[in-house]
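A.B. asks: Going down the list, the protein sequences come from chains A and B. All you need for the working numbering is the position in the first sequence, starting with 1, plus 1493. All you need for the working numbering is the position in the second sequence, starting with 1, plus 15. A virtual CB, placed ideally from N, CA and C, is assigned to each residue, including glycine. Bear in mind the structure is a predicted one, so any value in this text is a computation, not a measurement. Okay, handing you the structure first.
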Amino acid sequence: MGSSRDTVLERLRQARCPQAPLPDVPTSPVRFEDLPARFAQSVTDVAGTCLRVPGLAEAAAALRELSVVQSARQIVSLVPQVIRGTLDLDGVADPHLLEGVDLAVVPGEFGVAENGAVWMTDAVLKQRRAVLFVTQHLVLVVPAGELVHTMHDAYARLHLGAPGFGLFIAGPSKTADIEQALVIGAHGARSATIVLVG
Amino acid sequence: MNAHARAAERLVRDDARLHWHDAAVWNVRAKRDRAAQAVPDWEALRDAASRIKLHTLSRLPEYLEEFERKALALGARVHWAADAAEHNAIVLGLLRERGVTRLVKSKSMLTEECHLNPELEKAGIEVVDTDLGERIVQLAHEPPSHIVLPAVHMKREEIGDLFHRTIGTPAGLSDPKQLTEAARQHLRAKFMASQAGLTGVNFAVAETGGFVVCTNEGNADLGVSLPPIHIACMGVEKLVPRAADLAVFLRLLARSGTGQPITTYTSHFHGPRPGGELHIVLVDNGRSTLLASETHRRALCCIRCGACMNTCPVYRRSGGHSYGTTVPGPIGSVLSPAADMERNAALPFASSLCGSCSDVCPVRIDLHSQLLAWRRELDVRGLTPAAKRRGAAVASFVLRRPWMYRLAGKMVRFFGRLLPAGVLRALSGGWGREREVPPLPARSFREEWRGKRGV
Chain A
1494 MGSSRDTVLE
1504 RLRQARCPQA
1514 PLPDVPTSPV
1524 RFEDLPARFA
1534 QSVTDVAGTC
1544 LRVPGLAEAA
1554 AALRELSVVQ
1564 SARQIVSLVP
1574 QVIRGTLDLD
1584 GVADPHLLEG
1594 VDLAVVPGEF
1604 GVAENGAVWM
1614 TDAVLKQRRA
1624 VLFVTQHLVL
1634 VVPAGELVHT
1644 MHDAYARLHL
1654 GAPGFGLFIA
1664 GPSKTADIEQ
1674 ALVIGAHGAR
1684 SATIVLVG
Chain B
16 MNAHARAAER
26 LVRDDARLHW
36 HDAAVWNVRA
46 KRDRAAQAVP
56 DWEALRDAAS
66 RIKLHTLSRL
76 PEYLEEFERK
86 ALALGARVHW
96 AADAAEHNAI
106 VLGLLRERGV
116 TRLVKSKSML
126 TEECHLNPEL
136 EKAGIEVVDT
146 DLGERIVQLA
156 HEPPSHIVLP
166 AVHMKREEIG
176 DLFHRTIGTP
186 AGLSDPKQLT
196 EAARQHLRAK
206 FMASQAGLTG
216 VNFAVAETGG
226 FVVCTNEGNA
236 DLGVSLPPIH
246 IACMGVEKLV
256 PRAADLAVFL
266 RLLARSGTGQ
276 PITTYTSHFH
286 GPRPGGELHI
296 VLVDNGRSTL
306 LASETHRRAL
316 CCIRCGACMN
326 TCPVYRRSGG
336 HSYGTTVPGP
346 IGSVLSPAAD
356 MERNAALPFA
366 SSLCGSCSDV
376 CPVRIDLHSQ
386 LLAWRRELDV
396 RGLTPAAKRR
406 GAAVASFVLR
416 RPWMYRLAGK
426 MVRFFGRLLP
436 AGVLRALSGG
446 WGREREVPPL
456 PARSFREEWR
466 GKRGV
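What follows is the structure in structure tokens.
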């Protein structure tokens, strides 16, 4: 195996690609006047639902109105102030046991206005990140003060490199693999509700 | 007719289907335009992407070593493969050692390029492609016809029939919603039963040792968050130097590919899950040869968005399968001759050189110039058809002698007006097969021009 490593690296060195300078860390001039409004629009564009509420109590009330919340039997909640879960993630040793989850309520770290994506890491999910993908419906709770304009601003606040998993989620799972017809709910969540609090 | 044109016959002969395919693919190009136009700094992004990639290529060995060092420190294991056979052997070895017989895969053009699936299946491993489009073509025993939309060549009714035969859906289904739901149920069971997950890699970051996988369906994430083993296969050109560079590529990728502002899931993996294993397989398989080519190394900047396919008038009207390669369309026609010049000699000619591919490419690969360059290289190596070479030799001889060119023009106009249309069509070679020869003018442009200016 060591020999293939050397072979590949040696071949690449022999290719003698001429030096080209590394550009500065890229930035964008894009700035939105009303960040929450633009974020909400972007969430809608990626087939998600965005609810804006002043506080956690109102978030809880708004979610109780949703049919996906009303009909959910198995709920995993990492935002107990908003919805109480029926399944304690800490008690789930094997991610396969999450298969029956109807609704997952998870805090998002921040949102990106240009595309409606929400960043979260397994710091909150621990080893059970599978719940994000296994659940039938997903609710992400994001503080309205934690919005950035573009992906450049997103990476400026991320400090990647430590062991762990992090991801952007933009809307529900979707596919257009059959005649380009957009279908929501391919493998992951059939709906994504982003609750913008504050 | 060259090999690509012959292979395109099947689609071309079915006029209604040809236009359906053309419109379906063009629709994706239109979505890309709307998304790109909504980003004011789009052209600056393309510049940045191109410069970041060209810089990375210029220091690829160093960045690969940095990536490996960081990935190992995160607890991943890193494997190196010089070619497809070695890549397949590494993956098979990993699965065998761990007694894995059920593998779920998300989309990876690299494993298609290496023909991994048949190798694993021969060894008794069940391999399930989980991207819906990929699963459809896998069940149909066909290769993907597009790198982003693997089943873009199939109609909903055909997919309904296929699902009826293979996964037991009721006969006659054709609603994409119902078909997708059926696939969801079928594949959810496969996810739950899998013992290992394999993904491709969209971008790997040298400074962190992590990598990013983008999907819309969530299949990559489901595939690697349930079983304890994650194998990620990547070509050595997938690196970017800094995490901050991801912003550029993620803003470009989905907008260029499907017109979305970002894919639904953009997952960043840094090391294995606690208690799990992460294996990263770094693959050369001809990439170092391409890097050594002054003309073609830019093709290694490709981020596999598929925009050049969607815009290409030849791809849209010939279909992905006509190329006979893993990556079809303009970028495929640049990459494939580098891998096997003789086998893929027809592909650089499957282009009108209109340049639309270069215009939409998010990393500014000069695709149409590269196709032209390939034609020259193939000609020098004697790999262009004899008739084309003879024709070019005659044209070169005549065009260098103005008197002979004028005489030839006169003869064509004279006989052209006497001969019946059918004979002219036959004489015009492949050109006249689908077209009428226009009526020939009595006088040449030159003669008209002289008359007008009164010279």
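#1: When you compare the region 310-326 of chain B with the region 150-170 of chain B, are there three or more beta-carbon pairs, one atom per stretch, that lie closer than 8 Å?
#2: CA-CA distance, residue 148(B) and residue 85(B)?
#3: Just curious, the beta strand (DSSP E) that residue 1646(A) is in, first and last residue?
#4: Residue 1644(A) versus chain B: which residues are under 7 Å apart at the beta carbon?
#5: Tell me the DSSP secondary structure of residue 1494(A) in three-state form.
#6: What does residue 173(B) pair with, by DSSP beta-bridge criteria?
#7: Hey, which unbroken runs of the beta strand (DSSP E) at 3 residues or more fall wholly within the region 333-414 of chain B?
#8: Pop quiz: residue 1544(A) and residue 1640(A) are said to be a contact at Cβ under 8 Å. What is the actual Cβ separation, rounded to whole angstroms?
#9: Considering only their Cβ atoms, is the gap separating residue 213(B) from residue 118(B) smaller than 8 Å?
#10: Alpha carbon to alpha carbon, how far is residue 172(B) from residue 48(B)?
#11: Taking all protein chains shown into account, decide if residue 215(B) is buried (16 or more other Cβ within 10 angstroms of its Cβ) or exposed.
#12: Could you give the distance in angstroms between the alpha-carbon of residue 12(B) and the alpha-carbon of residue 110(B)?
#13: Considering Cα atoms alone, identify which of 1608(A), 1607(A), 1633(A) is closest to residue 1617(A).
#14: Kindly provide the ranges of any alpha helix (DSSP H) runs that are 4 or more residues long and lie completely inside the region 1523-1606 of chain A, ordered along the chain.
#15: Between which two residues does the beta strand (DSSP E) carrying residue 446(B) extend?
#16: Give me the Cα-Cα distance between residue 1586(A) and residue 207(B), rounded to the nearest whole angstrom.
#17: Following the continuous beta strand (DSSP E) through residue 141(B), name the residue where it begins and the one where it ends.
#18: Are residue 1559(A) and residue 1575(A) close, meaning C-beta to C-beta below 8 Å?
#19: I need the boundaries of the alpha helix (DSSP H) containing residue 426(B), first residue and last residue.
#20: Is DSSP giving residue 291(B) helix, strand or coil here?
#21: Pair every Cβ in the region 1614-1629 of chain A with every Cβ in the region 1564-1574 of chain A, then say whether three or more of these pairs are closer than 8 Å.
#22: Using a Cβ cut-off of 8 Å (strictly closer), state whether residue 1672(A) contacts chain B.
#23: Listing by chain order, which chain B residues have their CB less than 9 Å from the CB of residue 1538(A)?
#24: Under 8 Å between C-beta atoms, does residue 1563(A) make it to chain B?
#25: If you draw a straight line from the alpha carbon of residue 46(B) to that of residue 371(B), how long is it in whole angstroms?
#26: Is it buried or exposed for residue 419(B), if we count other Cβ within 10 angstroms and need 16 for buried?
#27: Would you tell me roughly how many angstroms separate the C-alpha atoms of residue 319(B) and residue 381(B), rounded to the nearest one?
#28: Since I believe residue 1645(A) is in contact with residue 1542(A) (beta carbons under 8 Å), could you give me their beta-carbon distance rounded to a whole number of angstroms?
#29: What do you get for residue 364(B), buried or exposed, if any count of 16 or more other CB atoms within 10 angstroms of its CB means buried?
#30: Is the beta carbon of residue 68(B) sitting closer than 8 Å to the one on residue 378(B)?
#31: Is there a C-beta anywhere in chain B that falls below 8 Å from the one on residue 1494(A)?
#32: Hey, is residue 45(B)'s beta-carbon within less than 8 Å of any beta-carbon in chain A?
#33: Measuring alpha carbon to alpha carbon, tell me which residue in 1690(A), 1668(A), 1504(A) is nearest residue 1539(A).
#34: Residue range of the beta strand (DSSP E) that residue 120(B) falls in?
#35: So if I threshold CB-CB distances at 7 Å, which residues from the region 1566-1585 of chain A count as touching chain E?
#36: Nearest to residue 358(B) by CA position, among 413(B), 374(B), 338(B), is which residue?
C.D. replies: Result, derived from the coordinates:
#1: yes
#2: 34 Å
#3: Counting along the chain, residue 1646(A) falls outside any beta strand (DSSP E), though it belongs to the alpha helix (DSSP H) covering 1644-1650.
#4: 262, 265, 266
#5: The predicted position of residue 1494(A) is uncertain, since its pLDDT is 48 and thus under 50; a value taken from the coordinates is nonetheless stated next. Reduced to three states, the DSSP call for residue 1494(A) is coil.
#6: Paired residues: none, contrary to the question.
#7: none
#8: In fact, because the Cβ distance is near 15 Å, the residues do not count as touching under 8 Å.
#9: yes
#10: 29 Å
#11: buried
#12: Lying outside 16 to 470, the shown extent of chain B, residue 12(B) is not represented and no answer is given.
#13: 1633(A)
#14: 1528-1538, 1549-1557, 1560-1563
#15: Residue 446(B) -> no beta strand (DSSP E), and no H or E assigned at all.
#16: 15 Å
#17: 141-144
#18: no
#19: 417-433
#20: coil
#21: yes
#22: yes
#23: 275, 276
#24: no
#25: 15 Å
#26: exposed
#27: 15 Å
#28: So it is not a contact: roughly 27 Å between Cβ atoms.
#29: buried
#30: yes
#31: Residue placement at residue 1494(A) is flagged as unreliable, the pLDDT there being 48, under the threshold of 50; a coordinate-derived value is accordingly withheld.
#32: no
#33: 1668(A)
#34: 117-120
#35: Of the protein chains in this structure, namely A and B, none is chain E.
#36: 338(B)
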